[in-house]
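For the sequence shown, the numbering used here gives the first residue as 492, with consecutive numbering after it.
Idealized CB from N, CA, C, for every residue including glycine.
Values in this document were obtained by computation on a predicted structure and should not be read as measured data.
Below is one structure, written out as structure tokens, with a few remarks after it.
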Amino acid sequence: MSSPVGLGKASWPPLDYDPTGFFLLLIGISTMNRVSFLVDGFNLYHSARKAEGLLKTSTKWLDIKRLCASYLHLVGRVVKDQVCMESLYYFSALAYHIETNNPGVTKRHKAFIRCLEDSGIHVELSRFKEKIVRCGVPGCGKPFKKHEEKETDVAIAVKILEILIKDECDAAVIMTGDTDLAPAVRTAKRLFPAKKIIFAFPFARKNNELAKLAAGSFTIHKKQYAKHQFPDPYILSNGSLVPKPSSW
């Protein structure tokens, strides 16, 4: 179930940690349970915005990798063993349709995505689809355009099964409160009973239905968003700078 851990991976406990106070010279030869995080970008974004309003401080320039790593100790409690971060996936879509009312929204999102990718996160983008709906007010029925995020839930569901089929991880942590993923989790549990499915609920988005499906769950505290922010500017690995959007 576990595999050799290389240098540079976030883990819990740290590879050089010894509760007696001595350093363990086990780097490169320790074995740990591999953990993959799958992040529902919009679910997390709206949670961060709510936290921002309550904390009165910036939360959207979020270093998601560090945020996830800060919760590895809770993942370790669920699997009852040492863990390391094997991979991290971020799922979202670019909201081109709101550019008229919110100029620069996609530019800000793209800048954020550059930082996520540079930090080692795999980014998978879906799309918004236009549809015609009718006003639900009695006696109205007027048609109007609406945009819905499409494919993201399916992309996450497929990725859950993909990483389990490929034996990429021993535990999958899904960061969302969206119940649309419940069928995928049930299937994953049935096909891979030895793997652990864990939910990391964004602040104010805990879902009891999903919690009952998982081997374990935890909720991200709003203050953790403010604590785990990218530097401003973020320095990419190629040396170029990505400034934090002024409205963030």
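Output needed for residue i: all residues of its chain with C-beta closer than 6 Å, excluding positions within five of it in sequence on either side, in chain order.
i      : result
Ala705 : Ile688, Ile689 and Phe690
Thr550 : Ala539, Ala542, Glu543, Tyr716 and Ala717
Asp572 : Asn524
Kindly identify the DSSP beta-bridge partner or partners of residue i.
i      : result
Arg525 : Cys575
Leu616 : Ser583
Ser708 : Phe690
Leu732 : Ile726
CA-CA distance, residue i and residue j?
i      : j      : result
Leu517 : Pro674 : Because Leu517 sits at a pLDDT of 44, beneath the cut-off of 50, its placement in the model cannot be relied upon, and the point is left open.
Gly512 : Ser617 : At Gly512 the pLDDT is 45, less than 50, meaning the model places this residue with poor confidence; the figure from the coordinates comes in the next sentence. One C-alpha to the other measures close to 47 Å.
Arg557 : Pro722 : 12 Å
Asn698 : Met666 : 11 Å
Leu701 : Leu579 : 20 Å
Gly595 : Ala586 : 10 Å
Asn534 : Thr643 : 11 Å
Lys714 : Leu546 : 8 Å
His600 : Leu607 : 10 Å
Lys686 : Val569 : 11 Å
Ala695 : Val530 : 16 Å
Please classify residue i: does DSSP put it in a helix, a strand, or coil?
i      : result
Ile555 : helix
Thr597 : helix
Leu475 : As shown, the chain starts at 492 and ends at 739. That puts residue 475 outside it, with no answer to give.
Lys718 : helix
Return the chain-ordered list of same chain residues with a C-beta closer than 8 Å to the C-beta of residue i, the five sequence neighbours on each side being excluded.
i      : result
Arg677 : Leu704
Gly611 : Lys556 and Leu579
Please return the same chain residues whose Cβ sits closer than 7 Å to the Cβ of residue i, not counting the five positions on each side in sequence.
i      : result
Leu565 : Phe709
Thr597 : Leu585, Ala586, Tyr587 and Glu590
* Counting only runs that start and end within the segment 635-690, where is the alpha helix (DSSP H) found for 4 or more residues in a row? -> 643-656 and 673-682
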